[in-house]
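Each protein sequence line maps, in turn, to chains W and B. Residue numbering for the first sequence follows our numbering, beginning at 4 and increasing consecutively. Residue numbering for the second sequence follows our numbering, beginning at 2 and increasing consecutively. Notes follow the structure.
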Amino acid sequence: MIRAFVVFGALVLSAFAWGTYTGAGYVQYEEIRDVPKSIRNNPGVYRSVYSRVPHK
Amino acid sequence: MVKVNCPSCGASVAFQSSVSILAVCEHCNSTLVRHDINVEDVGKMATLQIDGSPLQPGVLGEYKGVGFSVVGRIQLRYDRGIWNEWHLMFSDGRSGWLGEAGGTYAVSFLRKIDSPIPSFETLEGGMNLQLRDQKFQVQNVESARCIAGQGELPFRVAGGYEAPVADLLGDQGSFATLDYSEDEPLVFIGEYVEFDDLHLSNLREFESWSNNSSPKVRAFQCVQCGGAVTQRGLLQTTSVVCPSCGAVIDVSDENLKVLSTFEAKTKVKPAIPLGTRGTFPDGEFELIGFLQRFVTVEGVDYHWREYLLFNPYKGFRWLSEYNGHWNYIKSTWHRPSMLGDGDTRYKGRTFRHFQSATAKVDYVIGEFYWRVQQGESCLVSDFIDPPRMLSVENTEGDISYSVGEYMEPEAIADAFKLTTPLPTRIGVGATQPSPLNKAASRVGELALAFLAIALAIQLATLAFSQNKLVYQKELAYMPADAERSRVTEVFELNGRASNVMVRTRANVTNAWIYLSMALINDDTGTAYDFGREIGYYFGTDSDGAWSEGSQTDAVYLPHVPAGHYYLRVEPEGTVPATYMVQIYRDVPRWWMFLVTVGAIVVFPAVVLWMKRSFEFRRWSESDHPMGKFMSTGGEDDE
Chain W
4 MIRAFVVFGA
14 LVLSAFAWGT
24 YTGAGYVQYE
34 EIRDVPKSIR
44 NNPGVYRSVY
54 SRVPHK
Chain B
2 MVKVNCPSCG
12 ASVAFQSSVS
22 ILAVCEHCNS
32 TLVRHDINVE
42 DVGKMATLQI
52 DGSPLQPGVL
62 GEYKGVGFSV
72 VGRIQLRYDR
82 GIWNEWHLMF
92 SDGRSGWLGE
102 AGGTYAVSFL
112 RKIDSPIPSF
122 ETLEGGMNLQ
132 LRDQKFQVQN
142 VESARCIAGQ
152 GELPFRVAGG
162 YEAPVADLLG
172 DQGSFATLDY
182 SEDEPLVFIG
192 EYVEFDDLHL
202 SNLREFESWS
212 NNSSPKVRAF
222 QCVQCGGAVT
232 QRGLLQTTSV
242 VCPSCGAVID
252 VSDENLKVLS
262 TFEAKTKVKP
272 AIPLGTRGTF
282 PDGEFELIGF
292 LQRFVTVEGV
302 DYHWREYLLF
312 NPYKGFRWLS
322 EYNGHWNYIK
332 STWHRPSMLG
342 DGDTRYKGRT
352 FRHFQSATAK
362 VDYVIGEFYW
372 RVQQGESCLV
382 SDFIDPPRML
392 SVENTEGDIS
402 YSVGEYMEPE
412 AIADAFKLTT
422 PLPTRIGVGA
432 TQPSPLNKAA
442 SRVGELALAF
452 LAIALAIQLA
462 TLAFSQNKLV
472 YQKELAYMPA
482 DAERSRVTEV
492 FELNGRASNV
502 MVRTRANVTN
512 AWIYLSMALI
522 NDDTGTAYDF
532 GREIGYYFGT
542 DSDGAWSEGS
552 QTDAVYLPHV
562 PAGHYYLRVE
572 PEGTVPATYM
582 VQIYRDVPRW
592 WMFLVTVGAI
602 VVFPAVVLWM
612 KRSFEFRRWS
622 ESDHPMGKFM
632 STGGEDDE
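Below, the structure written as structure tokens:
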């Protein structure tokens, strides 16, 4: 039991330390690669994944 | 030392102690009384009754660092058997007494008491007395009879004289004896001591105990049925039960009088055979008696079994067994102090009251140090401090105390080298140590250590995070705009890959605005695409003012590498609004710390729950069952 708790605690603390270091968190987002540079000049051409989310 | 010749037989008789005035000639049993220069033969001393005492004149010992030798004794008969008072000559010149019977040892000294002593007639059990700043309680009042004297003694003794005495028990194993056999009561004050603490030598040897030979028994025929009866207690036991007819035979009576007869409906077979010897931490003991007792609670009889163990030097011990749980029990003369809440305190430890009930004997075999009788009952109160138990037995005002300690069945089997299985353990024993005690303590320590580490990580994060505002801009939104999308200037995110907080604030009231955003890496073309809605409503109704939502929002994008970024924002809404966008880099957060704390605490919480479940089961058969906050689970913990 003690050994299991030591292993468990080590895993939890490792995850916490790693998550804290890398700024881990949960948020709904999409990572899209190779977005064209032209967006800076013509932002309207970009089609956001979240632009059609139903809302009030 | 003074040596004289016996006037009767001429043998040399020594007075080793200067305080001795009487000596019994070893050769002719004449009683010699010493005067200034002469000795007087006052007649033959009565014959000592053969007993099983391990002491004898010439025994050497030590008490509180001072050596002594045994120079004589008075043998007394009490209602419960024979008691010896051995006269001690200490190396520092003092004279003392070592009371001994059935493995109980008590050292005492004659003390002068200035305060008045109550008369013998006014004494009764339970009465409190104070002698020389010490508080005592009267335990026993009776008239003992002197059987005979032996060796040298500090006063004149003759067999047959009556000695009205009262035994008093004090705190911490202290005791006092009030001897009313003379005009002025004699007061002896001392304490009970352990055999091993006296470091005795030159002890009497018992054939079957001194040379590892097999147990020796005395065999005789039952006077009631003629069946074979054996006695193993070496004259230290008082009654023997015939295994054939259940007759309780008084072996202290030369005619082997039958005291009573047990009429058991069913015979109970001991789990350990009588005559078996076992090795325990305080010595080797032989099983000589077995009895079954029971208590009745709410119409249900609960039976348990007790095994009497014997060692001629150390006296008696008990093994009790209930539902496969064993306790090794020893009498104690340390009177516990009762606490106000019903618990008791003994040798610096608090024992919680477990149960009190009237216990009755319903089956016996073997031999005992008292005159056991069928149906004899006593009020038993058990107090526990697992793995220890303190028991108080009250038999018609005669109070005795004993302490027991839980023994694992495997340890019992090992002690007796048993090959047959012992009763299966059922449930949780009253004194069974919780297997989780050590683990729970260790888990608690580890949990604290883990929490400390987690806190240290969190504090380090708070101290060393950038938490830096890298960009902010206020933008405007008009629903009628042909192009709603906006991009910010390029800003730089430094350091390791860490989070980015995008905080937005919009001046919407009773309206909403939806911001479809993308944090785009200008160097690599990687976009982090997400959407947030800001809505804020307020008003009043029959319950008063109300509000809903907020004009601000924050989102944390994880693990964003360093680089040059800009933000694309595409608002959507029904009303015009201005909104502020702020970009923060490497922002410390608490949620992970709280999740970590929760995860760490879960483990000890489970262990605590299991530990409490164990205690719940332990106390379920006590007078104080715990609240039914959980299921008791299975019964068999094997």
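Don't be surprised by glycine CBs; every beta carbon is placed ideally from N, CA and C. Quantities reported herein were computed from a predicted structural model and do not represent experimental measurements.
Could you pull out every residue in the same chain whose Cβ sits closer than 6 Å to the Cβ of residue i, ignoring the five residues on either side in sequence?
i: residue 585(B); result: 470, 502
i: residue 181(B); result: 121, 165
i: residue 312(B); result: 284, 286
i: residue 61(B); result: 70, 202, 203
i: residue 626(B); result: 620
i: residue 632(B); result: Because residue 632(B) carries a pLDDT of 41, less than 50, the predicted location of this residue cannot be relied on, and the following value inherits that uncertainty. Cβ neighbours of residue 632(B) beyond the five flanking positions: none.
i: residue 565(B); result: 491, 493, 523, 524
i: residue 519(B); result: 528, 530, 569
Within a Cβ cutoff of 7 Å, which residues of the same chain sit near residue i, ignoring the five residues on either side of it in sequence?
i: residue 552(B); result: 506, 507, 508, 509, 535, 537
i: residue 577(B); result: 478, 479, 480
i: residue 26(B); result: 7, 9, 10, 12, 14, 33
i: residue 414(B); result: 423
i: residue 369(B); result: 238, 239, 240, 290, 309
Shortest alpha-carbon distance to residue i belongs to which of the options?
i: residue 69(B); options: 434(B), 58(B), 78(B); result: 58(B)
i: residue 563(B); options: 604(B), 492(B), 613(B); result: 492(B)
i: residue 42(B); options: 559(B), 53(B), 8(B); result: 8(B)
i: residue 387(B); options: 619(B), 119(B), 129(B); result: 619(B)
i: residue 448(B); options: 434(B), 600(B), 319(B); result: 600(B)
i: residue 484(B); options: 8(W), 45(W), 51(W); result: 45(W)
i: residue 191(B); options: 240(B), 65(B), 294(B), 268(B); result: 65(B)
i: residue 273(B); options: 260(B), 282(B), 290(B); result: 290(B)
i: residue 587(B); options: 559(B), 239(B), 186(B); result: 559(B)
i: residue 459(B); options: 26(W), 39(W), 48(W); result: 26(W)
i: residue 178(B); options: 206(B), 141(B), 220(B), 158(B); result: 141(B)
i: residue 263(B); options: 363(B), 338(B), 439(B); result: 363(B)
i: residue 419(B); options: 277(B), 400(B), 520(B); result: 277(B)
i: residue 22(B); options: 29(B), 5(B), 28(B); result: 5(B)
i: residue 533(B); options: 582(B), 427(B), 106(B); result: 582(B)
i: residue 489(B); options: 474(B), 36(B), 193(B), 467(B); result: 474(B)
In the DSSP assignment, find the unbroken alpha helix (DSSP H) run with residue i in it and report its ends.
i: residue 445(B); result: 437-465
i: residue 24(W); result: 5-25
i: residue 597(B); result: 592-620
Any idea which residues DSSP pairs residue i with across the strands?
i: residue 326(B); result: 323(B)
i: residue 529(B); result: 34(W), 520(B)
i: residue 304(B); result: 295(B)
i: residue 84(B); result: 77(B)
i: residue 120(B); result: Paired residue(s): none; residue 120(B) is not in a bridge.
i: residue 311(B); result: 287(B), 317(B)
i: residue 339(B); result: 345(B)
i: residue 141(B); result: 168(B)
i: residue 72(B); result: Bridge partners of residue 72(B): none, in fact.
Let me know if residue i comes out buried or exposed under the rule of 16 or more other beta-carbons within 10 Å of its beta-carbon.
i: residue 230(B); result: buried
i: residue 591(B); result: exposed
i: residue 354(B); result: buried
i: residue 21(W); result: exposed
i: residue 256(B); result: exposed
i: residue 531(B); result: buried
i: residue 487(B); result: buried
i: residue 422(B); result: exposed
i: residue 640(B); result: In the structure as shown, chain B starts at 2 and stops at 639, and residue 640(B) therefore has no counterpart that could be examined.
i: residue 23(W); result: buried
i: residue 612(B); result: buried
i: residue 595(B); result: exposed
i: residue 430(B); result: buried
i: residue 157(B); result: exposed
Among the residues of its own chain, which have a CB less than 8 Å from the CB of residue i, if the five just before and after it don't count?
i: residue 146(B); result: 77, 78, 161, 162, 163, 164
i: residue 116(B); result: 131, 132
i: residue 433(B); result: 326, 387, 388, 407, 619
With residue i as the anchor, note down where its beta strand (DSSP E) starts and where it stops.
i: residue 414(B); result: Careful: residue 414(B) lies outside any beta strand (DSSP E), inside the alpha helix (DSSP H) at 410-417.
i: residue 571(B); result: 564-574
i: residue 499(B); result: 499-507
i: residue 232(B); result: 229-232
i: residue 40(B); result: 40-45
i: residue 29(W); result: Counting along the chain, residue 29(W) falls outside any beta strand (DSSP E), and DSSP gives it neither H nor E.
i: residue 550(B); result: 545-551
i: residue 371(B); result: Premise fails: residue 371(B) is in no beta strand (DSSP E) and is neither H nor E.
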